[in-house]
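Note sheet for the following structure.
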Amino acid sequence: MLVFTRKLDEAIVIGDGIEVKVLRIGKDGVRLGVTAAPHVPVHRREIYDQIRAANAAAAAARGGVEDLVARLRGRVAPVPDRS
Amino acid sequence: MSQTASAAPIDGVVTFADGLPGFERCRQFVLVSSPALQPFTVLQGVDADAPAFVTIDPRLVTDTFAPALDRVTLARLGAQGGETLLWLAIVTAGDDGVATANLRAPLVINPASMRGIQLISLDSPYRIDHPMQAA
């Protein structure tokens, strides 16, 4: 891992055009600004990890879907008809 | 802002260019819907060892589901803004018998481009484990 010391308003550049800048240093955290091309996904690590774990828990092996649907059936709350 | 739509069936392969978190290499999926699966739809990976996910129209889980899509996300879906997009929430059957739907990171598919993403917004009012109640 590369380790940097950065002060307020200082930045690092990653690859071609990704910039991470220190916008504020507070008691409870550091506020970062990320500049990247629109197609570059930027996520909070803990959110991404949560979604990864949720996907892993939800994934069914091929052929296991019917069992899963049978277990899930009847677990949908009725939605009021708004039509 | 694109409208949310009910789950109309989609034929063909949907490409998730980034894969799904945890399954980043699985990019090609088909949607399987049938009367036997109702009200669920199955997102099945095309590759031999690819996972399958049971999904549901988020509005069947909560009738207040109204997520926002920014311009960048619309561009990644190849959407101009007027398309009818398909929204799906991945369902998990917990070991404790409680089923939950992931409204925090829903799937969004543009049928016009056959492109899909799992939406990971920086802020969302929805839960990753929204409980599904027995009807």
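As they're listed, the protein sequences go chains A and B. If you use our numbering, the first sequence corresponds to residues 1 to 83, in order. If you use our numbering, the second sequence corresponds to residues 1001 to 1135, in order. For each residue, glycine too, the CB sits at the ideal point set by N, CA and C.
- When rounded, the separation of the alpha-carbon atoms in B:A1050 and A:V20 is 35 Å.
- Listed along the chain, the chain B residues whose CB falls inside 7 Å of the CB of A:L68 are V1054 and A1093.
- At least one beta carbon of chain A lies nearer than 9 Å to the beta carbon of B:F1040.
- Of all alpha-carbon atoms in B:L1103, B:P1131, B:R1104 and B:M1114, the one lying nearest the alpha-carbon of B:D1096 is that of B:P1131.
- Each of B:R1025, B:S1113 and B:Q1118 was checked against the Cα of B:T1084, and the nearest Cα belongs to B:S1113.
- By the Cβ neighbour-count rule, A:T35 is exposed, with fewer than 16 other Cβ atoms within 10 Å of its own.
- Shown here, B:I1090 sits in a strand according to DSSP, grouped into three states.
- Close CB contacts of B:P1039 within its chain, under the 8 Å cut and outside five residues either way in sequence, are with I1056, D1057 and L1060 (chain order).
- Ranked by Cα distance from B:T1100, the first of A:A58, A:V65 and A:E66 is A:A58.
- With respect to the C-alpha of A:R73, the residue from B:D1047, B:T1092 and B:L1074 having the closest C-alpha is B:T1092.
- Proximity to B:L1043 across B:P1111, B:P1106 and B:F1053 peaks at B:F1053, based on C-alpha coordinates.
- For B:A1079, no Cβ of chain A is located within less than 9 Å of the residue's own Cβ.
- With a 10 Å radius around the Cβ and a threshold of 16 neighbouring Cβ atoms, A:L32 comes out exposed.
- In the structure shown, B:V1046 falls within a coil segment according to DSSP collapsed to helix, strand and coil.
- Take B:G1078, set aside five residues on each side of it, and the residues of its chain with a beta-carbon closer than 8 Å to its own are N1110, A1112, S1113 and R1115, in chain order.
- For the region 14-65 of chain A, the continuous alpha helix (DSSP H) assignments of 4+ residues that do not extend past its boundaries occur at 45-58, in sequence order.
- For A:I18, the nearest beta carbon of chain B is not closer than 9 Å to its own beta carbon.
- Residue state for B:A1075 is assigned as helix, using DSSP reduced to three classes.
- Residue environment analysis places B:L1088 among the buried positions, since at least 16 neighbouring C-beta atoms fall within 10 angstroms of its C-beta.
- Ranked by how close their Cα comes to the Cα of A:I18, the residues A:P38, A:A70 and A:R6 have A:P38 in first place.
- Residues of chain A whose Cβ lies closer than 8 Å to the Cβ of B:I1090 are, in chain order, A54, N55 and A58.
- Residue pairing for B:L1020: DSSP places it in a beta bridge opposite B:F1023.
- Interface residue (Cβ-Cβ distance to chain A less than 9 Å): B:A1099 is classified as such.
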